[in-house]
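For reference, the structure discussed in these notes is given below.
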Amino acid sequence: MSALRVRGLRKRYGDLEVVAGVDLDIAPGECFGLLGPNGAGKTTTLRLCLGLVDPDGGDIDLLGHRVPERAREARAKVGVVPQFDSLDPDFSTAENLAVYGRYFGLADAQIAPRIPGLLEFAGLGARARAPIRPLSGGMKRRLTLARALVNDPQLLFMDEPTTGLDPQARHLIWERLKQLAQQGRTIVLTTHFMEEAERLCGRVAIMDRGRIIVEGSPRALIREHVAAQVVEVHGPGLEAWAERARGLAPRVERVGETVFCYVQEADALIAGLRAEPELAYLLRPANLEDVFLKLTGRDLRD
Amino acid sequence: MTRFYAFPELSPRCLAVWRRNFLVWRKLAVPSILGNLADPLIMLFGLGYGLGAVLGKMGGSSYFAFLAAGFLASATMYAATFESLFSAFSRMHVQKTWEAILNAPMTLDDVVAGEWAWAATKALAAGLCMFAVVAAFGYASLPAALAAIPVIVLVGLAFAGMGLVVNSLATGYDFFSYYMTLLLTPMMMLSGVFFPVDRLPAPIQALAQALPLYHGVALVRPLLGGAWPPAAPLHLAVLAAYALGSLYLAAVFTRRRLLR
């Protein structure tokens, strides 16, 4: 049985169909990434799955409960890390956890013994009485993650869990998420950091304009949609070189002042580039971002 | 869409919201009560003794006693209003507290009902403090005057609901000054807080009788003096209608604002 099963999900705002027929099957214990540019419908999909918004069509089953009809029962077994900080500034770190636990109908005697462990998990063990406002962005995000665990959830929804964090804070969140996945919890995260999705997610779906356009493991998607190697080239004389490169690479793409060559084997291209001292180049393995940009295009989505 | 127009489901879950607000208030209870009471008390003593010396008796009692009953009702009104406007708006819009609560197994009905009950509780606290001051100065005939307390609760619920309606439509804090200056200030003038309404022209009296504060004052004033108010069931019914009607509208408008 799926932890989350979605069929034909639709949501329309005015003339715009923000979610236009989404199907999802997420297995228990899976870490699933929902990727997509801004406005692709990721957050709306999450809100629909939580039963916060009524869909215009489709079926949602979350941990065995129909949503939105039985959303309250479903949410009792779910933890949510929202995109924007919603910690309670009127309370200390420990009070934030205690007060949040009550929204799950948990008795204080059930919550209190969990709090030290949760604060430890958030790396805030020594700051139980600390106020929220002076905490760093990373600390706040970790506390939000701990808050989402107060009901010992089977499934976690995370909306862009590391947006706005510095590398240290981001890596710490990633470690924590891996820990949670190892405990057998299902994780559904949205992100537009492809690196994050590649590291954490066993399976990802790329969403654009309300639809899921591809789905699979990050490695399989890279294999399927882009060649193994990418050579990025820029510098004077790019134009002439790019014409010649077209013979050596199956896909050559020009974006502004950079040429991207997608190839299985880059030796011939690199040999040629060594003879062009004016041109700067970078050889790297293809990644999920290449797939993402190929499928959703390079246009800005503001 | 039917969900948008249903009467809010009242579940005991809303107590978690009430309790959250109570815990915050407990940290700042003394300054909060003083803040709520300073204004009506200064007005009461200034006008009550100052104007009272000029006016003499009003409605068979001293002007101070007359004014005390009016300010008891209006202090309750303002306490419910401040909590359901500024404080609720901070929690809904600025701090995203409501959003966080909705991610737990709580409904928006729980949140609105919890905020409604909480704002009425704060109004009750303010009303009780005013009551204590009035009683300490000997202007409440105890124990009969204690019958005013349920009326304070009802006034609190009515203005808590109305505040939450305004909150659900607000674009920012500035929005609230329209409600306060264009609605509540004239209401205070027309509801018999400062002077008896029966001296006003008939059409204005009719308008006054449509206002919830008028009915609150009409109940509290005789009750403080130890008398049973005339037409009490009517006054209670109007207050109850305002309380439940505004709770309903607040739920509908807040759903439209947040659940889309």
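In the order they appear, the protein sequences are chains A and B. According to the working numbering, the first sequence is numbered sequentially starting from 1. According to the working numbering, the second sequence is numbered sequentially starting from 1. By construction, the Cβ of each residue, glycine as well, lies at the ideal position given by its N, Cα and C atoms.
> Is residue 31 of chain A helix, strand or coil by DSSP?
Replying inline: Residue mapping note: residue 31 of chain A aligns to position 31 of the first sequence, counting from 1. If DSSP states are grouped into helix, strand and coil, residue 31 of chain A belongs with the strands.
Next item on the list: Note down, in chain order, each residue of its chain lying with its Cβ closer than 7 Å to the Cβ of residue 29 of chain A, except the 5 sequence neighbours on either side.
Entry: Locating residue 29 of chain A in the first sequence gives position 29, counting from the first residue. The answer, listed in chain order, is 184 and 186.
key: Cα-Cα separation between residue 179 of chain A and residue 234 of chain A, rounded to whole angstroms   = Position 179 of the first sequence, counting from 1, holds the residue named residue 179 of chain A. Position 234 of the first sequence, counting from 1, holds the residue named residue 234 of chain A. One C-alpha to the other measures close to 41 Å.
Strictly by DSSP, which residues pair up with residue 131 of chain A? On the first sequence, residue 131 of chain A is found 131 positions in, with the first residue counted as 1. In the DSSP output, where bridge partners are listed per residue, residue 131 of chain A has A/92.
Roughly how many angstroms lie between the CA atoms of residue 288 of chain B and residue 220 of chain B, to the nearest whole one? Coverage of chain B is limited to positions 1 through 260, which leaves residue 288 of chain B absent and any answer about it impossible.
Could you list which residues in chain B have their beta carbon closer than 9 Å to that of residue 50 of chain A, in chain order?
Indexing the first sequence from 1 puts residue 50 of chain A at position 50. Taking a Cβ-Cβ cut-off of 9 Å, the neighbours of residue 50 of chain A in chain B comprise 102 and 103, given in sequence order.
- Query: Out of B/39, B/222 and B/22, which has the shortest C-alpha to C-alpha gap to residue 76 of chain B?
  - Reply: As a first step, residue 76 of chain B is located in the second sequence; it is residue number 76 there, counting from the start. Out of B/39, B/222 and B/22, B/39 has the C-alpha closest to the C-alpha of residue 76 of chain B.
Q) Going along chain A in order, which residues have a C-beta closer than 9 Å to the C-beta of residue 257 of chain B? A) Within the second sequence, residue 257 of chain B is the residue found at index 257, counting from 1. Listed along chain A is no residue with a C-beta nearer than 9 Å to that of residue 257 of chain B; the closest approach is about 13 Å.
Task: Residue-chain proximity (residue 95 of chain B, chain A), Cβ-Cβ < 7 Å - done: Counting from 1 along the second sequence, the entry for residue 95 of chain B is found at position 95. Cβ-Cβ to chain A under 7 Å: yes for residue 95 of chain B.
TODO: Kindly list, in the order they appear in chain B, the residues whose Cβ is closer than 7 Å to that of residue 54 of chain A.
DONE: As a position in the first sequence, residue 54 of chain A is number 54, starting the count at 1. Here the neighbours are 3.
Review point. Per DSSP, what kind of secondary structure is residue 205 of chain A in: helix, strand or coil?
Key: On the first sequence, residue 205 of chain A is found 205 positions in, with the first residue counted as 1. Here DSSP, grouped into helix, strand and coil, assigns residue 205 of chain A to strand.
>> Which residues does DSSP list as the beta-bridge partners of residue 11 of chain A?
In response: Working through the first sequence from its first residue, we reach residue 11 of chain A at position 11. In DSSP, residue 11 of chain A forms a bridge with A/19.
Straight-line Cα distance separating residue 95 of chain B from residue 31 of chain B: Numbered from 1 along the second sequence, position 31 holds the residue referred to as residue 31 of chain B. Numbered from 1 along the second sequence, position 95 holds the residue referred to as residue 95 of chain B. Each residue's alpha carbon lies about 22 Å from the other.
Quick one: what's got a C-beta closer than 6 Å to residue 119 of chain A's C-beta in the same chain, skipping five residues either side?
As a first step, residue 119 of chain A must be located in the first sequence, where it is residue number 119. Once the five neighbours on either side are set aside, the close Cβ partners of residue 119 of chain A are 125 and 128.
Check your understanding: Hey, would you say residue 85 of chain B sits closer than 7 Å to residue 176 of chain B, going by beta carbons?
Key -> Here residue 85 of chain B refers to the residue found at position 85 of the second sequence. Here residue 176 of chain B refers to the residue found at position 176 of the second sequence. Yes, the Cβ-Cβ distance between residue 85 of chain B and residue 176 of chain B is below 7 Å.
Worksheet item: How about residue 106 of chain B: is its C-beta nearer than 7 Å to some C-beta of chain A?
Response: As a first step, residue 106 of chain B is located in the second sequence; it is residue number 106 there, counting from the start. At least one chain A Cβ lies under 7 Å of residue 106 of chain B.
Using a beta-carbon distance below 7 Å, is residue 83 of chain B in contact with chain A?
As a first step, residue 83 of chain B is located in the second sequence; it is residue number 83 there, counting from the start. Taking Cβ atoms only, chain A never reaches closer than 7 Å to residue 83 of chain B, which makes this a no.
query: Is the CB-CB distance between residue 288 of chain A and residue 269 of chain A below 7 Å?
result: Here residue 288 of chain A corresponds to residue number 288 of the first sequence, with the count starting at 1. Here residue 269 of chain A corresponds to residue number 269 of the first sequence, with the count starting at 1. No, Cβ-Cβ distance for residue 288 of chain A and residue 269 of chain A is not below 7 Å.
**Asked** Using a C-beta cutoff of 7 Å, does residue 115 of chain B count as contacting chain A?
**Response** Your numbering for residue 115 of chain B matches position 115 in the second sequence. Chain A, which has no Cβ nearer than 7 Å to the Cβ of residue 115 of chain B, makes this no.
So within the segment 136-218 of chain A, which uninterrupted beta strand (DSSP E) runs reach at least 3 residues, ignoring any that extend past its ends? 155-159, 186-191, 203-208 and 211-216
message = Using the three-state DSSP reduction, which class does residue 232 of chain A fall into: helix, strand or coil?
response = Translated into positions along the first sequence, residue 232 of chain A becomes position 232. DSSP places residue 232 of chain A in strand when its eight states are reduced to three.
query = Run through DSSP, which three-state label would residue 254 of chain B get?
reply = Residue mapping note: residue 254 of chain B aligns to position 254 of the second sequence, counting from 1. Residue 254 of chain B falls in the helix class under three-state DSSP.
Given a cut-off of 7 Å on the beta-carbon distance, is the pair residue 238 of chain B and residue 215 of chain B in contact?
Counting from 1 along the second sequence, the entry for residue 238 of chain B is found at position 238. Counting from 1 along the second sequence, the entry for residue 215 of chain B is found at position 215. Taking a C-beta distance under 7 Å as the contact criterion, residue 238 of chain B and residue 215 of chain B qualify as a contact pair.
- Report the neighbours of residue 24 of chain B on chain A: residues whose CB is nearer than 7 Å to its CB, in chain order. By one-based count along the second sequence, residue 24 of chain B stands at place 24. Going along chain A in sequence order, the residues near residue 24 of chain B (Cβ under 7 Å) are 90.
So the candidates are B/63, B/246, B/106 and B/34; which of them puts its Cα closest to the Cα of residue 196 of chain B? To locate residue 196 of chain B, count along the second sequence from 1; it is residue 196. For the residues B/63, B/246, B/106 and B/34, the minimum Cα distance to residue 196 of chain B belongs to B/63.
Point to revise | Selected residue, minimal CA-CA separation from residue 58 of chain A, among A/133, A/8 and A/16 | key: In the first sequence, residue 58 of chain A corresponds to position 58, counting from 1. Looking at the Cα atoms, A/8 is the closest of the given residues.
Local Cβ density within 10 Å of residue 241 of chain B, reported as buried at 16 or more and exposed below that: Walking along the second sequence from the start, residue 241 of chain B turns up at place 241. Classification of residue 241 of chain B: exposed, given that the 10 Å Cβ count is below 16.
- How long is the line joining the alpha carbons of residue 167 of chain A and residue 138 of chain A, rounded to whole angstroms? One-based indexing of the first sequence puts residue 167 of chain A at position 167. One-based indexing of the first sequence puts residue 138 of chain A at position 138. Their Cα atoms are separated by approximately 10 Å.
- Item | Residue range of the unbroken beta strand (DSSP E) whose run includes residue 226 of chain B | On the second sequence, residue 226 of chain B is found 226 positions in, with the first residue counted as 1. Note, residue 226 of chain B: premise wrong, no beta strand (DSSP E); not H, not E.
Rounded to the nearest angstrom, what separates residue 23 of chain A and residue 6 of chain A at their Cα positions? Counted from its first residue, the first sequence places residue 23 of chain A at position 23. Counted from its first residue, the first sequence places residue 6 of chain A at position 6. Using only the alpha carbons, I get a separation of about 5 Å.
If I measure Cβ to Cβ from residue 228 of chain A and keep anything under 7 Å in the same chain, skipping five residues before and after, which residues do I get? Here residue 228 of chain A refers to the residue found at position 228 of the first sequence. Scanning its chain for C-beta atoms nearer than 7 Å, with the 5 sequence neighbours on each side dropped, one finds around residue 228 of chain A the residues 264, 285 and 286, in chain order.
Original post:
Between the C-alpha atoms of residue 93 of chain A and residue 190 of chain B, what's the straight-line distance to the nearest angstrom?
Top reply: Locating residue 93 of chain A in the first sequence gives position 93, counting from the first residue. Locating residue 190 of chain B in the second sequence gives position 190, counting from the first residue. Whole-angstrom Cα-Cα distance: 48 Å.
Sorted by chain position, which residues of the same chain lie with C-beta nearer than 8 Å to residue 65 of chain A's C-beta, five sequence neighbours on each side aside? Along the first sequence, read from residue 1 onward, the residue named residue 65 of chain A stands at position 65. If we look at residue 65 of chain A and ignore the five residues flanking it on each side, its Cβ neighbours are 71, 73 and 74.
Q. How many angstroms separate the CA atom of residue 223 of chain B from the CA atom of residue 147 of chain B?
A. Looking up residue 223 of chain B in the second sequence gives position 223. Looking up residue 147 of chain B in the second sequence gives position 147. Near 6 Å, if we compare the C-alpha coordinates of residue 147 of chain B and residue 223 of chain B.
With a threshold of 7 Å between beta-carbons, can residue 76 of chain A be considered close to chain B, or not? Residue 76 of chain A sits at position 76 when you count from the first residue of the first sequence. At least one chain B Cβ lies under 7 Å of residue 76 of chain A.
### Query
List, in order along the chain, the chain A residues whose C-beta lies closer than 7 Å to that of residue 20 of chain B?
Counting from 1 along the second sequence, the entry for residue 20 of chain B is found at position 20. Those within 7 Å of residue 20 of chain B in chain A are 99.
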